[in-house]
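Please read the structure below before turning to the comments.
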Amino acid sequence: MNADYITYRRATSVSLIGLTLQALMCITLLVYGFMMRDAYPADATTDVLRAQAESRIAIGDLPAIAAAMMMGVGCLAWLALAITFDQHRRERIEALEASTLGEQGVGSVFGQKNENEFKPAARRLAAMHRVFLPIISLVMAAGYIGMGVWRLIEGRERLGFKIPTQHLEWGLAICIGLAVAGFFIARYVAGMSRQKVWANLRGGAAVAGGSAVTAFVIGIGHLVDLMGPDVVSRTLQVVVPGVMILLGGEVVLNFLLNMYRPRKAGETPRPAFDSGIMSLVAAPDSVIKSIGDAVSYQLGYDVKGNWFFQLVSRLVAPLVGVGLVVIWLLSAFAVVEPHQRGIVTRFGKMMREVGPGLHVKWPWPVERVEVPVYLQRDERGRMQEVARTATGIRVVQLGSTPSSKPGPVLWTNEHGGGEVFEIVQPSRFGEAAQVGGEIAQVAMECTLAYCVGDVAKFEQFAPDYQREEIIRSVAQREVMRHMAHLSVDEVLGADRVKLAGEIRGKIEAALGALNPDASGKSMGAGVQVVSLTIGKLHPHKDVAPSYEKIVIAEQKRQERLEVANASKIKTLAKVSGSIERAEEILAEIEKLRKLEDAKAPREQVVELEFKIQKMLEDGTGTAAANIADAASGRWGKHMGERGLASRYVGLNASYEASPAIFRASLYFEAWREAMAGNLVYLTDDRVKDLRIEADLKEKDSTVNVFQTEPPK
29 MNADYITYRR ATSVSLIGLT LQALMCITLL VYGFMMRDAY PADATTDVLR AQAESRIAIG
89 DLPAIAAAMM MGVGCLAWLA LAITFDQHRR ERIEALEAST LGEQGVGSVF GQKNENEFKP
149 AARRLAAMHR VFLPIISLVM AAGYIGMGVW RLIEGRERLG FKIPTQHLEW GLAICIGLAV
209 AGFFIARYVA GMSRQKVWAN LRGGAAVAGG SAVTAFVIGI GHLVDLMGPD VVSRTLQVVV
269 PGVMILLGGE VVLNFLLNMY RPRKAGETPR PAFDSGIMSL VAAPDSVIKS IGDAVSYQLG
329 YDVKGNWFFQ LVSRLVAPLV GVGLVVIWLL SAFAVVEPHQ RGIVTRFGKM MREVGPGLHV
389 KWPWPVERVE VPVYLQRDER GRMQEVARTA TGIRVVQLGS TPSSKPGPVL WTNEHGGGEV
449 FEIVQPSRFG EAAQVGGEIA QVAMECTLAY CVGDVAKFEQ FAPDYQREEI IRSVAQREVM
509 RHMAHLSVDE VLGADRVKLA GEIRGKIEAA LGALNPDASG KSMGAGVQVV SLTIGKLHPH
569 KDVAPSYEKI VIAEQKRQER LEVANASKIK TLAKVSGSIE RAEEILAEIE KLRKLEDAKA
629 PREQVVELEF KIQKMLEDGT GTAAANIADA ASGRWGKHMG ERGLASRYVG LNASYEASPA
689 IFRASLYFEA WREAMAGNLV YLTDDRVKDL RIEADLKEKD STVNVFQTEP PK
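For the sequence shown, counting from 1, position 530 maps to 558 in this note's numbering; every step adds exactly one.
As structure tokens, then:
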């Protein structure tokens, strides 16, 4: 084919058509990707679904948006080809004009000059191949790698999210339509690129072919999602960005190879964005030839004439077919790992449960082995796939998040993590018990540990991304119901010991009532509750000082009770000798009081009084000593009075024997007692002028310090 301006004008037109179709594919897929935001309800009821909805509303459908970005970067290739081929057209027109002037013998008025001096179009064309196309290639590489890394980070964070099915039919139709359109333009342009003058159209064909394959794969993912699991669509969230990074790396590698590749004279340089990988997609009937062309282009000589290359070219189709059949037959074997339990499904219907080991089944897609997915929430509230297993203990937090801060945690401290308050009844004492309609709040750390008991029931229970949320919601409902009937005194008091056992029983019953079969009978969630642990329980931080006052008052009351009890023990032990004997005596005194109140016979009362007195006398305390002292005093007084009575009898007998002598003796006895200790002088009244000499010194009024013995 002649390399005239008409040829390049056609290439320019095809490049502009390819640019238009590529832009339409990009815009269509981008609009669809953001349209998927509506498939995620913003009013989701659970935290995980709400976080998933908010994330999806912000970014839309990741595979579709990543593919749209890849198509958008590919528009630069079509634009660069259109500009380059248009410059080729201008260069051909310029060369034709120069050739016509040369044939007519027309020369320059300025004399003989360089033949390229008056060919600006040719110089611009050379500059485009030397500068413009490499710059466009590097810009495309930066776009592929930058957007690919950005989308890859987002995709890895959302691998555990469930893909919605609301608009999948639209997505399937759009992706298949874009794939067909892209494949047709890629095949058409690839056919044109076989002509030497249109060789650079391979870059546009590669871009269109890559876009078509990407849209087709996304459509296949939507089809699989509609028929079964969404594993393909979720995997494409990282596969499409990975392909973008791979294409960017290939463009950079082509750019480096073009710098050192030997060039032939008159050869049109191949742009770095001409992807050899995508060229295989654009021309699937000549895969080996494309590889040979790429190798020949890089090495500088033709390798397609080699006998080995010819042999591989003839046998590649049968080898690929046999390989695909072998791969398909290998899907009849499934390996279940030691920590897994699998379920064999035939066209979505559960057939049997299988354990660890190698199992034979019908090839895909007739039968598949499904292993339950273990999803866990991370710190940001998103569900992440931890492993595919049905064994091990799974933990669900039903209340406040346990604090990771070291040291003691008091009621008045700031508690780390999100606190969940349970509604309980107010205190049954004080003002709260007299006011109706009051409630109280208590923060509680409650951890539920469970394991999978029946894999089939667990798999039928709910979708993998909703199982833990349903279990958590059901368990939290039972916790809320049970706590609502308890008072704050029962929750914070001694009754909290049996609280975990009561709640666990209700949670087990609630989980057993889930998952009804076709007849409406509950099969259960297929899980077993291993333990329910209640950790810290405390009221709100703002009311904690009030509880502290109650505790302090209770401690003071207890202190006073202990002091009173100690005083009681001391007093009773002092009185009776021991606390045990005191309690026995008090019991007998209580019986005596009851007998007196009941008007019992006097004999019983007296008998019990003597018994109590005997018990007091047998003791070693002050009561026994006082009773002994009283008995001794009574006996002394009795004997004294008895002596006085006997003396009176004797005096009476003396009087009867001789009254005169008795009276005289009493008279003189009275005088003796009256004059005892006094100086009395007896004189005769007949003595005249009586003079008496007497020593009037008081000998007993002073103390003789030298006297060793007391005076008698």
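Beta carbons are placed, not taken as given, at the ideal position from N, Cα and C, and that holds for glycine.
Treat the numbers as computed from the prediction; the structure is a model and nothing was measured.
When DSSP states are grouped into helix, strand and coil, H568 belongs to the coil group. A distance below 9 Å separates the beta carbons of Q265 and L90. By alpha-carbon distance to Q453, the top candidate from S515, V483, A673 and T650 is S515.
Apart from the 5 residues on each side of it in sequence, I720 sits with its Cβ closer than 7 Å to the Cβ of Y709 in its chain, given in chain order. Rounded to the nearest whole angstrom, the C-alpha separation of V715 and L672 is 45 Å. The closest CA to that of A39, considering only M53, L229, S165 and A149, is found on L229.
When C-alpha distances from L109 are compared across M63, S428 and S221, the shortest belongs to S221.
Unbroken beta strand (DSSP E) stretches of 3 residues or longer found wholly inside the segment 506-575: 555-567, given in chain order. Look at the beta carbons and you see the segment 155-163 not touching the segment 236-247: under three pairs across the two are nearer than 8 Å.
The shortest CA-to-CA distance from K389 to any of S604, P366, P400 and L357 is the one to L357.
In the structure shown, the three-state DSSP call for K377 is strand. In the DSSP annotation of this structure, G199 is not part of any beta strand (DSSP E); the continuous alpha helix (DSSP H) holding it starts and ends at L196 to M220. Ranked by Cα distance from G171, the options G277, T648 and F449 are led by G277. Setting aside the 5 residues that flank it on each side, L386 is surrounded in the same chain by V363, each with a C-beta closer than 6 Å to its C-beta; the list follows chain order. CA-CA distance, T648 to G661, rounds to 19 Å.
Below 8 Å, enough C-beta pairs join the segment 522-538 and the segment 559-577 to call them touching: three or more.
The three-state secondary structure of Y709, taken from DSSP, is coil. Around the Cβ of R675, a 10 Å sphere holds fewer than 16 other Cβ atoms; the residue is exposed. Per DSSP, the beta-bridge partners of H387 are A362.
In terms of CA proximity to P393, F361 leads the group V424, V382 and F361.
Per the DSSP secondary-structure output, Q425 pairs in a beta bridge with T475. In the three-state DSSP reduction, R396 falls in the strand class (E or B). Here the segment 485-496 makes no contact with the segment 583-593; the two share fewer than three CB pairs at distances below 8 Å. Under the Cβ criterion (8 Å, minimum of three pairs), the segment 111-118 counts as touching the segment 33-53. Residue F301 holds the alpha-carbon nearest to the alpha-carbon of A105 among I578, F301 and K224. Within the same chain, and ignoring the five residues on either side of A651 in sequence, the residues whose Cβ sits closer than 7 Å to its Cβ are V603, S604 and L644. It is roughly 59 Å from the alpha-carbon of Q223 to the alpha-carbon of P366.
DSSP places G605 in the coil class of the three-state scheme, outside both helix and strand. Counting the other CB atoms within 10 Å of its CB gives Q641 a total below 16, which places it among the exposed residues.
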